[in-house]
Ligand SMILES: Nc1nc2c(ncn2[C@@H]2O[C@H](COP(=O)(O)OP(=O)(O)OP(=O)(O)O)[C@@H](O)[C@H]2O)c(=O)[nH]1
Ligand SMILES: [Mg+2]
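Numbering (our numbering), first residue to last: 41 to 262.
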């Protein structure tokens, strides 16, 4: 007898994700699921977002990490509500975890929630959280071959950030190669080059974020 454990886990997760999505829609809030490898710059990219949109958007952040409160404390230090989820070994966030985090946020006072998923390019791609947009960060220090090796996540996202662009001349990251590989997987996805160090590309990141946060009624994902 074959037991379909993975299928059941994903189905249960999807049902909860749909509830999260509806809850956000009821409160007219958007939610971005930000995914990347460990150290690619997820928290730094969120901090840039806060700095450059806080006068126009009411933001909150949900931080997913295996352990520690380092990232949520950094966000709270910017006077932005931050909920830390420690997965205690789990390599991705789930819709149930996000539902409990939403319980601790006053959704009527928010326009946009940014989720920093656990650093991983594999498992987060499989778990819908009820988000309204998905984003992956690739940093130039990781190499340009990541879309070849982790195609699922690059295929699914609504936007891609190439971070640490200030380090391009020190690495053998081939931007054209990266762009070509991504185009084969996800032809129309916007690819934004960014440096959280010197601010290169921050305007484009801000514009994408504001457009996502003010996009019309949320389409429920299938
Ligand atoms: N040179 C350079 N360094 C960066 C940039 N963005 C982030 N960093 C550095 O990269 C390191 C990791 O950045 P974080 O923002 O903590 O990355 P993260 O993906 O949130 O890391 P985890 O939460 O641990 O997975 C830090 O030392 C940052 O200062 C960038 O654009 N350029
Ligand atoms: Mg982080």
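Using N, Cα and C, we set each Cβ at its ideal position, and we do this for glycine too.
Which of helix, strand or coil does DSSP assign to residue i?
| i | result |
| --- | --- |
| residue 158 | coil |
| residue 56 | helix |
| residue 80 | coil |
| residue 97 | coil |
| residue 212 | coil |
| residue 69 | coil |
| residue 261 | Here the model assigns residue 261 a pLDDT of 42, short of 50, so the residue's position is not dependable, and the following value carries that caveat. Here residue 261 sits in coil by DSSP. |
| residue 250 | helix |
| residue 180 | helix |
| residue 16 | Residue 16 lies beyond the stretch modelled for the chain, which goes from 41 to 262, so this question has no answer here. |
| residue 64 | helix |
Which residues in the same chain have their Cβ closer than 6 Å to the Cβ of residue i, if we skip the five residues on either side of it in sequence?
| i | result |
| --- | --- |
| residue 186 | 178 |
| residue 147 | 67 and 69 |
| residue 217 | 184 |
| residue 118 | 90 |
| residue 253 | 70, 97, 151 and 152 |
Can you give me the Cβ contacts of residue i inside the same chain, cut-off strictly under 8 Å, excluding the 5 residues immediately before and after it?
| i | result |
| --- | --- |
| residue 98 | 149, 150, 151 and 152 |
| residue 86 | 74, 101, 115, 154 and 156 |
| residue 208 | 180 and 215 |
| residue 190 | 161, 162 and 165 |
| residue 262 | At residue 262 the pLDDT is 34, less than 50, meaning the model places this residue with poor confidence; the figure from the coordinates comes in the next sentence. Nothing meets the Cβ criterion. |
| residue 225 | 187, 191, 194 and 195 |
Suppose contacts are defined by Cβ-Cβ distances below 7 Å. Is residue i in contact with residue j by that definition?
| i | j | result |
| --- | --- | --- |
| residue 227 | residue 199 | no |
| residue 106 | residue 127 | yes |
| residue 60 | residue 135 | yes |
| residue 241 | residue 234 | yes |
| residue 169 | residue 57 | yes |
Under the assumption that residue i contacts residue j (Cβ atoms under 8 Å), give the Cβ distance between them as a whole number of angstroms.
| i | j | result |
| --- | --- | --- |
| residue 236 | residue 84 | 4 Å |
| residue 167 | residue 132 | 5 Å |
| residue 77 | residue 182 | 6 Å |
| residue 139 | residue 72 | In fact, because the Cβ distance is near 17 Å, the residues do not count as touching under 8 Å. |
Who are the Cβ neighbours of residue i in its own chain at under 7 Å, not counting the five residues just before and after it?
| i | result |
| --- | --- |
| residue 141 | 102, 123 and 125 |
| residue 246 | 92 and 93 |
May I have all residues whose beta carbon comes closer than 5 Å to any heavy atom of ligand 2, sorted in chain order?
82, 83 and 111
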